[in-house]
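Visitor: Going letter by letter, the sequence shown gives residues 3 to 244 in the numbering used here.
Using N, Cα and C, we set each Cβ at its ideal position, and we do this for glycine too.
My questions all concern the structure below.
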Amino acid sequence: MKKLKKTMLFVLALGVLIAGILVLIAFARAWGKTDIEFRVHINEQLIQESTFGEPPTFAIWIENPNTGGLQTIFVTKRAALGDWEGKADVPVALPQWFEVFKIENQSNNLPSYEKPAPLAVTGATPKPGYFTTRVRVTPGSKWNCWIEVNLAGDFNEYYQEYNPEEKTTDEYLTGQPALLYKAEIEAVAGNVVKPKLAGMSVLDTEGGSIVQPVKGITTAAGIFDEMSISVIQPKPRIIEWN
């Protein structure tokens with residue numbers, strides 16, 4: 003009986019020791035780490051009012067202002083795979099991020115099933131409501147943060163499905179162009195910034211610049227009715243999922 007008690011006490015002590023070691027490892031992993039967290043709220047009403055009623059296509063990436071280095075953090079599945087339901091390509095969906103993709107992957111082509119965006123940054127198109135994603139960065143580092151978003155079928159008076167005066171049809175049924183938001187942030191825990199509208203993404207413009215001054219935009223400016231970018235210190239985790 004005494005031997006059994008000793009064994010049980012030994013097993014219990016060993017379990018406590020292992021648990022303590024795991025907790026210390028978790029704290030060690032989180033110590034001195036910094037994450038940039040992106041948080042957006044998708045406007046459900048605008049989605050319902052659009053022609054197709056589908057959530058928006060969007061991408062999030064960061065840029066090193068010193069080196070120009072780019073890193074995609076998240077992109078919705080359709081853009082990541084080139085899955086456009088029968089259309090070969092929709093280059094107007096996220097024109098600026100497609101350029102980021104080409105640079106990151108040293109390619110001249112848009113994403114496709116054969117050569118998609120990396121699985122690690124690809125996700126199903128989020129449903130209306132809040133969406134968050136984050137990336138680990140060096141504490142104290144500075145970043146340009148970019149968000150590009152497009153809601154298909156959000157036509158208005160300026161961006162019509164069919165323009166009777168010019169007798170032209172919106173080839174890709176995109177409606178208003180993709181909008182590009184930007185914020186600058188320093189990776190210091192507690193910093194919070196709100197992205198500002200930097201322009202709209204338009205292909206085949208004079209001079210070749212994709213980012214253009216905002217013109218004729220109405221409802222598209224409210225696709226994300228809340229946006230914030232914050233710097234947080236990650237919580238200790240025994241198991242790292244990423």
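Touching or not, the segment 43 to 61 and the segment 76 to 93, by the rule of three or more beta carbon pairs under 8 Å?
Guide: With the cut-off at 8 Å, the segment 43 to 61 and the segment 76 to 93 touch.
Visitor: In angstroms, rounded to a whole number, what distance separates the CA positions of ASP227 and GLY70?
Guide: For the purposes of this step, residue 227 is taken as residue 225 along the sequence shown, with counting starting at 1. For the purposes of this step, residue 70 is taken as residue 68 along the sequence shown, with counting starting at 1. So the alpha carbons of these two residues sit roughly 29 Å apart.
Visitor: Is DSSP giving ASN45 helix, strand or coil here?
Guide: Position 43 of the sequence shown, counted from the start, is the residue given in the question as residue 45. Three-state DSSP puts ASN45 in coil, outside helix and strand.
Visitor: Quick one: what does DSSP say ASN68 is sitting in, helix, strand or coil?
Guide: In the sequence shown, the residue the question calls residue 68 occupies position 66. Here ASN68 sits in coil by DSSP.
Visitor: In angstroms, rounded to a whole number, what distance separates the CA positions of PRO67 and ASN146?
Guide: Counting from one through the sequence shown, the residue named residue 67 turns up at place 65. Counting from one through the sequence shown, the residue named residue 146 turns up at place 144. For PRO67 and ASN146, the distance between alpha carbons rounds to 6 Å.
Visitor: Between the segment 106 to 119 and the segment 151 to 171, can you find at least three pairs of beta-carbon atoms closer than 8 Å?
Guide: The segment 151 to 171 is not in contact with the segment 106 to 119.
Visitor: Can you give me the start and stop residues for the beta strand (DSSP E) that LYS184 sits inside?
Guide: The residue given as residue 184 occupies position 182 in the sequence shown. Segment 180 to 188, the beta strand (DSSP E) holding LYS184.
Visitor: Hey, out of THR171, VAL204, THR207, VAL233, whose CA is closest to ALA185's CA?
Guide: By one-based count along the sequence shown, residue 185 stands at place 183. The residue with the shortest Cα to Cα distance from ALA185 is VAL233.
Visitor: Look up TRP2 in the DSSP assignment and give the residues it is bridged to.
Guide: With the chain running from 3 to 244 in the structure shown, residue 2 is simply not present.
Visitor: Report the three-state DSSP secondary structure of LEU121 (helix, strand or coil).
Guide: In the sequence shown, counting from the first residue as 1, residue 121 sits at position 119. DSSP places LEU121 in helix when its eight states are reduced to three.
Visitor: Considering only the alpha carbon of each residue, which of ILE219, GLY218, LYS217, MET202 lies closest to SER211?
Guide: As a position in the sequence shown, residue 211 is number 209, starting the count at 1. Measuring from the Cα of SER211, the nearest candidate turns out to be MET202.
Visitor: Could you tell me if ARG138 is buried or exposed, where buried requires 16 or more neighbouring beta carbons within 10 angstroms of its beta carbon?
Guide: Locating residue 138 in the sequence shown gives position 136, where the first residue counts as 1. ARG138 is exposed by the Cβ-count criterion.
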